[in-house]
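Working notes for the structure below.
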Amino acid sequence: MVVYDTAQYSKNQYHNRNRIKTPGGPTWLTVPVRSPQKKPILSVEIDNSKDWGRRLSFMLEANYARSPWFSQHGTELGRLFRQSRWERLADLNIRLLSLITKALDIDTEIVRASALPAGSSEDPTDKLLAMTQAVGGDTYLSGPGGRTYLDRSKFDRIALRFSRPPQAVYPQLWGPFEPNLSIVDALFNCGTDTKNLLDL
Numbered sequence: 000m001v002v003y004d005t006a007q008y009s010k011n012q013y014h015n016r017n018r019i020k021t022p023g024g025p026t027w028l029t030v031p032v033r034s035p036q037k038k039p040i041l042s043v044e045i046d047n048s049k050d051w052g053r054r055l056s057f058m059l060e061a062n063y064a065r066s067p068w069f070s071q072h073g074t075e076l077g078r079l080f081r082q083s084r085w086e087r088l089a090d091l092n093i094r095l096l097s098l099i100t101k102a103l104d105i106d107t108e109i110v111r112a113s114a115l116p117a118g119s120s121e122d123p124t125d126k127l128l129a130m131t132q133a134v135g136g137d138t139y140l141s142g143p144g145g146r147t148y149l150d151r152s153k154f155d156r157i158a159l160r161f162s163r164p165p166q167a168v169y170p171q172l173w174g175p176f177e178p179n180l181s182i183v184d185a186l187f188n189c190g191t192d193t194k195n196l197l198d199l
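Numbering-wise (numbering that gives the first Met the number 0), the sequence shown opens with residue 0 and increments by one.
Laid out in structure tokens, this is it:
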């Protein structure tokens, strides 16, 4: 798995936030950042003047403590937020990815794009192809947004797949099913079965 930490940070995306379900409906969990405009994700600093870790940990516990798998996975996640003073957003996100892949028993190495040889092309498709080839990949799994900018004709030696949001409805707390939430919602409610909900 390659983390594209050399990509430009985009405000109001999922780089530093995600949604969870509460009794009042979905709400955002946000890690505050300092002046992220026009910076690559790897350079974005977390704003530690706010006690965001304790707040996020509290929100997870307040909204998921009654879920069947919270005691197994929520404690470590809460500890990760509370006990560490993260300086860079990319470092926190990679640690979170590592925790989630371990919880889902997904055996994969996490590699930073910044650790790979830098290509000379500015073309988005060429950059992604170069990263995939650098790690010996044979398939590039894009988010749905890739349909608007990837040049599909360049994917002749590497397969291109587009992920879809999970279609499965799974048990949740707090009323009717709410789609498009953080993976932790499924993990706390479904445990090891969460892996079966993903389009991998």
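From the three backbone atoms N, C-alpha and C, an ideal C-beta is built for every residue, glycine too.
Please report the distance separating the alpha-carbon of residue 193 from that of residue 146.
For the purposes of this step, residue 193 is taken as residue 194 along the sequence shown, with counting starting at 1. For the purposes of this step, residue 146 is taken as residue 147 along the sequence shown, with counting starting at 1. The straight-line gap from Cα to Cα measures roughly 26 Å.
Assign residue 107 to one of two classes, buried (16 or more other C-beta atoms within 10 Å of its C-beta) or exposed (fewer than that).
Counted from its first residue, the sequence shown places residue 107 at position 108. Exposed, by the Cβ-count rule.
So who's on the other strand from residue 80, going by DSSP bridges?
Against the sequence shown, residue 80 aligns to sequence position 81. None, per the DSSP bridge assignment.
Verify whether the separation of the beta carbon atoms of residue 102 and residue 41 is less than 8 Å.
What you label residue 102 is simply residue 103 of the sequence shown in a count that begins at 1. What you label residue 41 is simply residue 42 of the sequence shown in a count that begins at 1. Not in contact: residue 102 and residue 41 (Cβ atoms no closer than 8 Å).
Would a C-beta distance cut-off of 8 Å place residue 19 and residue 181 closer than the cut-off?
Taking the first residue of the sequence shown as position 1, residue 19 is located at position 20. Taking the first residue of the sequence shown as position 1, residue 181 is located at position 182. The beta carbons of residue 19 and residue 181 sit closer together than 8 Å.
Identify the continuous alpha helix (DSSP H) that holds residue 178 and give its terminal residues.
In the sequence shown, the residue the question calls residue 178 occupies position 179. Looking at the DSSP string, residue 178 is not in any alpha helix (DSSP H), and its letter there is neither H nor E.
With the cut-off set at 8 Å, would you say residue 93 and residue 131 are in Cβ contact?
As a position in the sequence shown, residue 93 is number 94, starting the count at 1. As a position in the sequence shown, residue 131 is number 132, starting the count at 1. It is not a contact, given that the beta carbons lie outside the stated cut-off.
For residue 127, which residues of its own chain have a beta-carbon under 7 Å away from its beta-carbon, when the five flanking residues on both sides are left out?
Position 128 of the sequence shown, counting from 1, holds the residue named residue 127. Excluding five sequence positions before and after residue 127, the CB atoms of its chain that fall closer than 7 Å to its own CB belong to 139, given in chain order.
Distance CB(residue 184)-CB(residue 171) smaller than 8 Å
Reading the sequence shown from its first residue, position 185 is the one you call residue 184. Reading the sequence shown from its first residue, position 172 is the one you call residue 171. Yes, these two residues count as a Cβ contact at 8 Å.
If we call anything under 8 Å between Cβ atoms a contact, is residue 32 one with residue 110?
Here residue 32 corresponds to residue number 33 of the sequence shown, with the count starting at 1. Here residue 110 corresponds to residue number 111 of the sequence shown, with the count starting at 1. No, Cβ-Cβ distance for residue 32 and residue 110 is not below 8 Å.
Beta-carbon contacts of residue 143 that lie in its chain and below 8 Å, excluding the five residues immediately before and after:
Indexing the sequence shown from 1 puts residue 143 at position 144. Here residue 143 has 161, 162, 163, 164 as same chain residues with Cβ atoms under 8 Å from its own Cβ, once five neighbours each way along the sequence are excluded.
Classify residue 52 as buried or exposed, calling it buried when 16 or more other Cβ atoms lie within 10 Å of its own Cβ.
Here residue 52 corresponds to residue number 53 of the sequence shown, with the count starting at 1. Residue 52 is classed as buried because its beta carbon has at least 16 other beta carbons within 10 Å across all chains shown.
Which residue marks the beginning of the alpha helix (DSSP H) containing residue 63, and which one marks its end?
Numbered from 1 along the sequence shown, position 64 holds the residue referred to as residue 63. First-last of the alpha helix (DSSP H) with residue 63: 51-63.
In terms of residue numbering, what span does the alpha helix (DSSP H) encompassing residue 124 cover?
The residue given as residue 124 occupies position 125 in the sequence shown. First-last of the alpha helix (DSSP H) with residue 124: 123-133.
Looking only at its own chain, which residues have a Cβ that is under 7 Å from the Cβ of residue 118, when we skip the five neighbours before and after it?
Along the sequence shown, read from residue 1 onward, the residue named residue 118 stands at position 119. Correct list, in chain order: 125, 126, 129.
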